[in-house]
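S.K.: Mind having a look at this structure? Questions to follow.
Numbering (our numbering), first residue to last: -3 to 105.
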């Protein structure tokens, strides 16, 4: 079970898929070392902030099920710049119980 993922910058510039599901990671800051990332599987961790996703403009698949994302507006704002997303999984986070959750996600993205 990973609690932290520290990568030297420039170490994975061509990485396109990363699976860190079912760990205890609290930060997505490691994404700064993965600018070409297209598919991120990071479900069942303890993330509460997705702003580092903006460092990966090629992201098409983002799976963040079962984290502790609470603020739907902040999360959607962080995702808006990701033009290639075609698969997004946010269920199982506190924000998914917000009224109009699914409608907001579809409308904003």
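Glycine included, each C-beta is placed from N, C-alpha and C at the ideal position.
Are the beta-carbon atoms belonging to residue 41 and residue 19 less than 8 Å from one another?
M.R.: Counting from one through the chain shown, the residue named residue 41 turns up at place 45. Counting from one through the chain shown, the residue named residue 19 turns up at place 23. Yes, the pair counts as a contact, with Cβ atoms nearer than the cut-off.
S.K.: Measure the beta-carbon distance from residue 72 to residue 102 and round it to whole angstroms, keeping in mind my assumption that it falls under 8 Å.
M.R.: In the chain shown, the residue the question calls residue 72 occupies position 76. In the chain shown, the residue the question calls residue 102 occupies position 106. The Cβ separation is near 10 Å, so there is no contact.
S.K.: Between the beta-carbon of residue 5 and the beta-carbon of residue 33, is there less than 8 Å?
M.R.: Along the chain shown, read from residue 1 onward, the residue named residue 5 stands at position 9. Along the chain shown, read from residue 1 onward, the residue named residue 33 stands at position 37. Going by C-beta atoms, residue 5 is not nearer than 8 Å to residue 33.
S.K.: Just the Cα atoms here: how many angstroms apart are residue 79 and residue 49?
M.R.: Reading the chain shown from its first residue, position 83 is the one you call residue 79. Reading the chain shown from its first residue, position 53 is the one you call residue 49. Between residue 79 and residue 49, the C-alpha separation is close to 12 Å.
S.K.: Which term fits residue 62, buried or exposed, when burial requires 16 or more other beta carbons within 10 angstroms of its beta carbon?
M.R.: Against the chain shown, residue 62 aligns to sequence position 66. Classification for residue 62: buried.
S.K.: Output needed for residue 82: all residues of its chain with C-beta closer than 6 Å, excluding positions within five of it in sequence on either side, in chain order.
M.R.: To locate residue 82, count along the chain shown from 1; it is residue 86. These residues qualify, in order along the chain: 56.
S.K.: Distance, Cα to Cα, residue 74 vs residue 46?
M.R.: In the chain shown, counting from the first residue as 1, residue 74 sits at position 78. In the chain shown, counting from the first residue as 1, residue 46 sits at position 50. Straight-line Cα distance between these residues: approximately 6 Å.
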